[in-house]
Amino acid sequence: MTSIGFLVNPYAGIGGPTARKGSDDPALAAQARSDGMRLTAPLRAVRAMTALVQMYPSVDILTGPGGLGQDIAPAASILPINALSHSASDTSALVAGMQGKVSLILFCGGDGTARDVAAANVSGVPILGIPAGVKMHSGVFARSPERAGQAAAAFLKDPDQPVELVEILDIDEAERRSGRLSAQLFSVARSPVARGVRQNPKAGGGDLLAETDAALAEYVRRMEHGCLYILGPGTTMGALKDRLGGGTLLGVDLARDGAIVDRDLSEEQLLMALADGAKARIVLTVVGGQGFILGRGNQQISGRLINRVGIDRIDVICASDKLNALNPQELTVDTGDVALDARLAGYWQVTTGPGRRQVVRVVH
Amino acid sequence: MTAPIANRTKAQFTGFQAPRWAEPVVMEMGCPGRRGVVFDDAPAPDLPKGAIRKTAPALPELTEHDALRHYLHLSQMTLGMMGVSLFGTCTMKYNPRIGERAALEHLADLHPLQHPDTLQGVLELYDNFSDFLCEVSGMDQFVFQAGGGADAAYTHACVTRAYHASRGELEQRDQIITTIQTHPCSPATANTAGFEVITLSLEEGGYPSVEQLKSVIGPRTAALMVNNPDDMGIYNPDIKEWVRLVHEAGGLCFYDHANFNGVMTRLRARELGFDACMYMLHKTFGAPKGGGGPAVGAYGCAEHLVPFLPSPLVVKDGDRYTLDDDRPQSIGRVREFWGNAPQVLKAYAWARAMGAEGLRTAADISVLANNYMDKRLSEVKGVSRSNPDVTAPRMEMTRHSVEQVTKDTGCTIVDISNRMTDFGIDALWLSHEPWLVAEPFTPEAGELWSREDIDYWIDVMEHVIHEAYETPEVVKTAPHNAPIHQIKGADMADPAQWATTWRAYTRKHAKRLAAE
Ligand SMILES: Cc1ncc(COP(=O)(O)O)c(C=O)c1O
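Right, here's the structure in full:
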């Protein structure tokens, strides 16, 4: 099966020019239609498709009617949609219809679209995003529409192309309305590993997956006997949990003496586990482009819990490329306890590889 | 040299076409019986029995003319390394041809295992050059064994280990501190020597703050390994305080002086407090390129580290020079014999020709040239400077970005670099890892390149960026006038595709070769 599912959220990005933090509000799409607003997402989708077809002229495309894809890929097979809603449900319906029929879903949109695609993608088809949204914190997006098209072509042509797990993040809309920007981890999806995208002829480029893996191996080797390890969510933590017998990707798990002992715990359950005065450490990774280490997607690790464990007993493990992509180069915490946040602020040493730590400033 | 703008014809700008030869690998060119010069009475080599070949080597048989033409074609297709090359962080300099002559005349017939009494000239040269570099750096002794900059950094990591071991503190001191903009060879060699590496991140000034450094130094600190200015051209003005703090904690300080060109004779590593430093003879000192092996990282240190230097050391004994191999605290060898002697000789010749005043003039010109480039590049559409908020002038190079051009046109810095080779410009130096700056490039003019060359280089970049906006396909499919077409980067990560030796090539492509 070398066909590709292609879908466009035509309204992605429309909130950008008006300084909205996203385009998820259905009223925005309605207004754009009535104003005859020039949509940018379809233009970006065209750029990606041009690059895709250039590299893979005979590609077999399955897409949705009209602005959902057909307008851009007229030769494609069309998945009919019963009632066009001009909203997220179009995306969901298309993705559901593509299950079992395509080997890759190439979508055009932002974090909101990524989230809708991932939610409807029940059989875990690899997905890849053409960047066209206002917010693009998720790891599924290629760096440019052209690169998305090229990466899709390379993936379809080579059945051995590896995939990696990437995080799907989105801004918490409720939080945003109260004036706080906060990315939240919604799910995890499979996406093609971009090979040779960064051509740096002098430096070999290094294998960051292997670096992180070796860092995790070293971490496991040094885990203290009898100590309780509170393991946060995310793909890096998922890989650490795999080394300890397997845990949850989005939940907070507990390990002791080299094995996971409990999964997906609430704050209360975590506090209970520490009730007998056991020694503990907290292990975290950085969630997405916002650089949060505490307070997003891991609220179970609360101020009370941190105070109980001790603020000098928190370890952070994160691949160096994620740290280096932060702009500004800062991490941030928001435990809900302002005094604790102030104590947590300062320079942290984040483990990035075996025998490697990078110092990053934590602000609150 | 490219012509001054006033004298430049249109043809000079657009008329470039690199020679393109359908040149096979030399191993595929031979024809049995072809010969170069054959001497009837050529002496049979006088070798020990075990060293004599039983079968002749599988070399291609060529005439002298075939061989010369082949290598001439190859050098033409690599622009003969005589294109306009403002390849930052590498300080591309002309390598005076007299250096080749001198090395051939004075070194080709020597062997390092000869008795030192018969090597007095080359030993004297080593000793003189060590003195010269001690004067430049304030250090007490230089060695030339390391085969490149990274090897010199490794030398320092080993010296650090030996130094702390001699004081019984090695167990305790297991961390080496570096910065994210220090060349990756510092953290890599520190790891290789068994240390844990702590990397500091950049802050507002474009370098890590003193507070950040303070947060990591302590009883585990073995050493600090940094360059300054860094590869973005930013000079850390707090460096003296850094060195003081690390010393206070008991660590050593190593100065990677690869980016020395802009500060030659303007500062001395020892006066800033550093215990050791490294110069690249194949960059700053005019010797031919080639890192990681056929080059020289000259490593110098202050008196307290001399006992740990690699052996042998050239020592002056009255009016004679000897090789001292009896140095119990030495880290041993990092390289065979005394390193790449021809490189040392070429660099020494260059340094002596320049003299102290020449070095100072060269340093000043290279900073001036870079700031001239900064000014002109700031006027090119879509080009921005790294750390735009840092207003302090950059030193001998600056990291720039074409992120805006990429956003607007889809043309990346790699596309732009490919296209620039269509005008006789060597591919750009982009950035060391990690890529903190998107779509980066890092030009460095040094003292060599004329104002005409620099202007031509910028004119070409401006022209190519204009093309990116007008005819992006031309840029994305470049090069068009170069010896080869665009290389697909993906193959570089696939070991089944590339081969660096003929033996590997025949192994990996056996089927294809058999079919031919
Ligand atoms: C600052 C710096 N240090 C060290 C090195 C490594 O030198 P070499 O390639 O000679 O090993 C380089 C090479 O570019 C460099 O730029």
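Line order of the protein sequences matches chains A and B. Here numbering that gives the first Met the number 0 is used: position 39 in the first sequence is 38, and no number is missing along the way. Here numbering that gives the first Met the number 0 is used: position 58 in the second sequence is 57, and no number is missing along the way. Virtual Cβ for every residue (Gly too), placed ideally from N, Cα, C.
**Message:** Just checking Ala257/B against ligand 1 - is the residue's beta carbon closer than 7 angstroms to any of the ligand's heavy atoms?
**Reply:** yes
**Prompt:** Cβ of Met279/B versus every heavy atom of ligand 2: is any distance shorter than 7 angstroms?
**Reply:** This structure lacks ligand 2; its bound ligands are ligand 1.
**Request:** Compile a chain-ordered list of the residues in the segment 428-462 of chain B whose CB is closer than 9 angstroms to at least one CB of chain A.
**Result:** Trp428, Leu429, Ser430, His431, Glu432, Pro433, Trp434, Leu435, Ala437
**Message:** Quick check on Leu37/B: does DSSP put it in helix, strand or coil?
**Reply:** The residue you asked about is not Leu; residue 37/B is Val in the sequence shown. Correct three-state label for Val37/B: coil.
**Message:** Contact criterion: CB-CB distance below 8 angstroms. Does Gln198/A meet it with respect to chain B?
**Reply:** Low confidence applies here, because Gln198/A scores a pLDDT of 33, under 50, leaving its location unreliable and the question unanswered by this model.
**Asked** In its own chain, which residues sit with a C-beta less than 8 angstroms from the C-beta of Val162/A, not counting the 5 before and 5 after it?
**Response** Pro125, Arg189, Ser190, Pro191, Val192
**Asked** When the distance is taken between beta carbons, is Leu435/B closer than 8 angstroms to Asn323/A?
**Response** yes
**Prompt:** The beta strand (DSSP E) with Trp337/B in it runs from where to where?
**Reply:** Segment: none, Trp337/B is in no beta strand (DSSP E) and carries neither H nor E.
**Message:** I'd like the ranges of any beta strand (DSSP E) spanning at least 3 consecutive residues and lying wholly in the segment 43-123 of chain A.
**Reply:** 59-62, 103-108
**Request:** Using a Cβ cut-off of 9 angstroms, pull out every chain A residue sitting near Asn190/B, in sequence order please.
**Result:** Gly352, Pro353, Gly354, Arg355
**Request:** Determine which residues of the segment 195-220 of chain B have a Cβ less than 8 angstroms from any Cβ of chain A, and write them out in chain order.
**Result:** Glu195, Val196, Ile197, Thr198, Leu199, Ser200, Leu201, Glu202, Pro207, Glu210, Gln211, Ser214, Val215
**Request:** Buried or exposed for Asn326/A, please, with buried defined as at least 16 other CB atoms from any protein chain shown within 10 angstroms of its CB.
**Result:** exposed
**Request:** Note down, in chain order, every chain B residue with its Cβ under 7 angstroms from the Cβ of Asn323/A.
**Result:** Pro433, Leu435
**Prompt:** What residues in its chain sit with their C-beta under 7 angstroms from that of Leu372/A, if we drop five residues either side in the sequence?
**Reply:** Any answer about residue 372/A is impossible in this case: the structure gives chain A only from 0 up to 363.
**Request:** May I ask you to report which of helix, strand or coil DSSP gives Asn260/B?
**Result:** helix
**Prompt:** Going along the chain, which residues of its own chain have a beta-carbon closer than 7 angstroms to the beta-carbon of Arg269/B, five neighbours each way excluded?
**Reply:** Ser136, Gly137, Met138, Ala301
**Item:** Segment limits, alpha helix (DSSP H) that includes Val242/B
**Value:** 238-247
**Asked** So, helix, strand or coil for Pro439/B, using DSSP?
**Response** strand
**Min CB distance Tyr10/A to chain B below 8 angstroms** = no
**Message:** Quick check: the Cα distance between Val413/B and Thr321/B, rounded to an integer number of angstroms?
**Reply:** 51 angstroms
**Request:** Report the option in His281/B, Gln485/B, Gln113/B, Gly423/B whose CA atom is closest to the CA atom of Asp452/B.
**Result:** Gly423/B
**Request:** State yes or no: is the beta carbon of Pro186/B nearer than 8 angstroms to at least one beta carbon in chain A?
**Result:** yes
**Message:** Using a Cβ-Cβ distance cut-off of 8 angstroms, determine whether Gly109/A contacts chain B.
**Reply:** no
**Contact list for the segment 395-427 of chain B against chain A, Cβ threshold 7 angstroms** = Thr405, Gly409, Val413
**Prompt:** Going straight from the alpha carbon of Leu118/B to that of Tyr298/B, what length do you get?
**Reply:** 22 angstroms
**Request:** Compute the Euclidean distance between the alpha carbons of Phe284/B and His182/B, then round it to the nearest angstrom.
**Result:** 19 angstroms
**Inter-stretch contact at 8 angstroms, needing at least 3 Cβ pairs: the segment 460-478 of chain B / the segment 403-410 of chain B** = yes
**Item:** Buried or exposed (CB count within 10 angstroms, at least 16 for buried), Gly108/A
**Value:** buried
**Request:** Just mark Pro309/B as buried or exposed, buried being the case when its beta carbon has 16 or more other beta carbons within 10 Å.
**Result:** buried
**Request:** Work out the CA separation of Ser165/B and His69/B for me, nearest whole Å.
**Result:** 55 angstroms
**Asked** Ends of the alpha helix (DSSP H) at Glu329/A?
**Response** Counting along the chain, Glu329/A falls outside any alpha helix (DSSP H), though it belongs to the beta strand (DSSP E) covering 329-332.
**Message:** Given a cut-off of 8 angstroms on the beta-carbon distance, is the pair Thr220/B and Ala362/B in contact?
**Reply:** no
**Prompt:** From Glu356/B, Leu358/B, Met396/B, pick the residue whose C-alpha is nearest to that of Asn370/B; which is it?
**Reply:** Met396/B
**Message:** On the criterion of 16 or more Cβ atoms from any shown chain inside 10 Å, does Glu170/B qualify as buried, or is it exposed?
**Reply:** exposed
**Message:** Only counting the same chain, and skipping five residues up and downstream in sequence, which positions put a Cβ closer than 7 angstroms to that of Thr420/B?
**Reply:** Ala426, Pro478, Ala481
**Request:** Using beta-carbon positions only, say whether Ser518/B and Tyr346/A come within less than 8 angstroms of one another.
**Result:** Nothing about residue 518/B can be read from this structure; chain B reaches only from 0 to 515.
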